[in-house]
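Worksheet for the structure shown next.
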Amino acid sequence: MAARVEASVLEAIENNRLELPTMPLVAARALAMLGRDDFSFQEIANLIETDPIVAARLLRLARSAAFAGLSRFDSILTCVTRLGSEELRLFLVETAVHHILESRDPCIAQMCRDLWRHSLAVAILSRDLATAVHALHPDGAYLGGLLHDLGRPVLASTLLDAEQRLLGTRTQRWIMPSAWLAIISGKHRSIGAAIARKWGLPESVPRLIHDSAAYDTGDRFATGNVIMLADTLTKREGIYVGPLNVEEMEGLIAQGKQLLALDDAVVEKLVNDLPNKIASRTG
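Written out as structure tokens, the structure reads:
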């Protein structure tokens, strides 16, 4: 059964028939506004106010410890102005990713919640590690980390749809993490990259999704190496869904630290700070 479903999904991918999720309208329109030279924070604030969920998430983020200041943020305009264009751009992409990872299907809902926390953790740690390396672009590392696993829930949902189409029903058992992880291994990154392109993100972002699958020993300070290390460290901390190989993880962590010339104490401090930073982004 699993083989039949896998074949159906892979055929859809091969023939470009896999339906990719679009970016939520408010996030897409706000990102388009930010791309203009004459953008207005007032205009963007007015747009965000039309979506109560996005507005509430923005208020929560602006009031978090990460952006604590001398004044309270009681209006959307104050929030977007305080965050600035770059942080606001990251927030909007983050909101779009979160939207995808809020599945209503009980088969994958918990998986999506776990993947959301994992993706957010990898994004935060990637930015912190990139900052520590100095030679890298922290915001690019954040986006790459946030989107590196985005193809997983899309493929999981597609697998369920294919199962129902082929068998006339959805089972509740075969789509457990061990099953779908085995089926989509190596496939989800191309889907994540395709989503990033469909959303109009810079071409560097889909490249990072591909490049973070393995270390680039030819370019020690590649941003993909930072994301790979952040991903492995996050898995070691148990912020992940699916089986893990502890011995392999420790080897990858040691390799990543060596490539990026990162001190053990610096890395472990960033990892220890991670839970509080995740809480700041999620409330």
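The sequence shown runs 62 to 344 under our numbering.
Ideal Cβ positions, reconstructed from N, Cα and C, are used throughout, including at glycine.
Have a look at N337 and R118 and give me their C-alpha separation to the nearest angstrom. Rounded to the nearest whole angstrom, the C-alpha separation of N337 and R118 is 17 Å.
R97 to R174, Cα distance in whole Å? Their backbone Cα atoms lie some 34 Å apart in a straight line.
Buried or exposed: G145, going by 16 or more other Cβ atoms within 10 Å of its Cβ? With fewer than 16 neighbouring CB atoms inside 10 Å of its own CB, G145 falls in the exposed class.
Any idea if V141 is buried or exposed, counting beta-carbon neighbours within 10 angstroms, 16 or more meaning buried? Buried, because 16 or more other Cβ atoms sit within 10 Å of the Cβ of V141.
With distances taken between CB atoms, is the gap from D272 to A283 smaller than 8 Å? Yes, the Cβ-Cβ distance between D272 and A283 is below 8 Å.
Coarse secondary structure for H198, derived from DSSP in three states: H198 falls in the coil class under three-state DSSP.
Using the Cα positions of L331 and I300, report the straight-line distance between them to the nearest angstrom. Each residue's alpha carbon lies about 15 Å from the other.
Closest to Q319 by C-alpha separation, out of V302, E148, T343 and Y276, would be which residue? Of all alpha-carbon atoms in V302, E148, T343 and Y276, the one lying nearest the alpha-carbon of Q319 is that of Y276.
Reducing DSSP to helix, strand and coil, say where L131 ends up. Below a pLDDT of 50, predicted positions are generally treated as unreliable, and L131, at 40, falls in that range; no measurement from the model is reported.
Buried or exposed for V328, going by 16 or more other Cβ atoms inside 10 Å? Flag for V328 reads buried.
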